[in-house]
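Residue numbers (this note's numbering): 605 to 774.
See below:
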């Protein structure tokens, strides 16, 4: 399956940016839909009424990025470095974060288009039993855990389909 993160290098669209694509195995995919409700207490009533206040959609998963050669290993570590930079602020007259475009298979993004996301967590773990390249002094792979907040490219609504996957089934 396709796994990539595209990010903007200048003008505000994924077309003007860079793509970080990984060859990896993916596991632990979890998507969470989180509506929020505010309780309202009306005078003369013992029970509360509730008003819908906000909605958030998050995704987390793990992937294992491993290199099969020294050239692959250098590219893998460069990609991991670029991915980690997407969690860091950019400073100018003010500071800001990065929006990236994420694709995993056909469920999140399709074609060359990714889903706009914010990276909310990124963890790199080096497995204890993994070989290291003695010359380069780095491990030949890494386990990655990532958390994303998915940003809607259209207004969320219960009467719309928010999975591109369903549109592509034959």
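Think of the CB as a built atom: it goes at the ideal place given N, C-alpha and C, for glycine as much as any other residue.
Model, not experiment: these values are computed from the prediction.
**Report entry** Residue of 621, 628, 663 and 646 minimising C-alpha distance to residue 637
**Finding:** Along the chain shown, one-based indexing puts residue 637 at 33. That would be 663, whose Cα lies nearest to the Cα of residue 637.
Requested in this report: Locate the beta strand (DSSP E) running through residue 625, then write down its first and last residues.
Outcome: Within the chain shown, residue 625 is the residue found at index 21, counting from 1. Unbroken beta strand (DSSP E) run through residue 625: 621 to 625.
Query raised in the report: At which residue ranges does the stretch 708 to 759 contain complete alpha helix (DSSP H) runs of 4 or more residues, listed in the order of the chain?
Result: For the stretch 708 to 759, not one full-length alpha helix (DSSP H) segment reaches 4 residues or more.
Report task. Using the Cα positions of residue 769 and residue 690, report the straight-line distance between them to the nearest angstrom. Result -> Translated into positions along the chain shown, residue 769 becomes position 165. Translated into positions along the chain shown, residue 690 becomes position 86. With a pLDDT of 44 at residue 769, under the threshold of 50, the predicted position of this residue should be treated as unreliable, and no value is reported.
Query - Spatial neighbours of residue 725 in its chain, beta-carbon cut-off 6 angstroms, leaving aside the 5 residues before and after - result: Translated into the one-based positions of the chain shown, residue 725 becomes position 121. Hits under 6 angstroms: 751.
Query raised in the report: Considering only the beta carbon of each residue, do residue 665 and residue 632 sit closer than 8 angstroms?
Result: For the purposes of this step, residue 665 is taken as the residue at position 61 of the chain shown. For the purposes of this step, residue 632 is taken as the residue at position 28 of the chain shown. Taking 8 angstroms as the Cβ cut-off, residue 665 and residue 632 qualify as a contacting pair.
Requested in this report: Could you give the DSSP three-state label for residue 687: helix, strand or coil?
Outcome: Position 83 of the chain shown, counted from the first residue, corresponds to residue 687. Here residue 687 sits in helix by DSSP.
Query raised in the report: For residue 641, does the count of other Cβ atoms within 10 angstroms reach 16, so buried, or fall short, so exposed?
Result: By one-based count along the chain shown, residue 641 stands at place 37. By the 10 Å Cβ count, residue 641 comes out exposed.
**Report entry** Spatial distance of residue 773 from residue 650 (CA atoms)
**Finding:** Here residue 773 refers to the residue found at position 169 when the chain shown is read from its first residue. Here residue 650 refers to the residue found at position 46 when the chain shown is read from its first residue. Its pLDDT being 49, under 50, residue 773 is placed unreliably in this model, and the value from its coordinates should be taken loosely. Between residue 773 and residue 650, the C-alpha separation is close to 50 angstroms.
Query raised in the report: Applying the criterion that 16 or more other CB atoms from any shown protein chain within 10 Å of the CB defines a buried residue, is residue 746 buried or exposed?
Result: As a first step, residue 746 must be located in the chain shown, where it is residue number 142. Residue 746 comes out buried.
Query raised in the report: How would you write the range of the beta strand (DSSP E) that residue 633 sits in, first residue to last?
Result: Position 29 of the chain shown holds residue 633. Residue 633 -> beta strand (DSSP E) spans 628 to 644.
Query raised in the report: With respect to 7 angstroms, is the separation between the Cβ of residue 704 and the closest non-hydrogen atom of the ligand MN below this value?
Result: Among the components of this structure there are no ligands whatsoever, and the ligand MN is therefore not found.
Requested in this report: Would you decide whether residue 655 is buried or exposed? Buried here means 16 or more other CB atoms lie within 10 Å of its CB.
Outcome: In the chain shown, counting from the first residue as 1, residue 655 sits at position 51. So residue 655 counts as exposed.
Query raised in the report: Counting Cβ pairs, one atom from each stretch, are 3 or more of them under 8 angstroms apart for the stretch 677 to 693 and the stretch 736 to 744?
Result: yes
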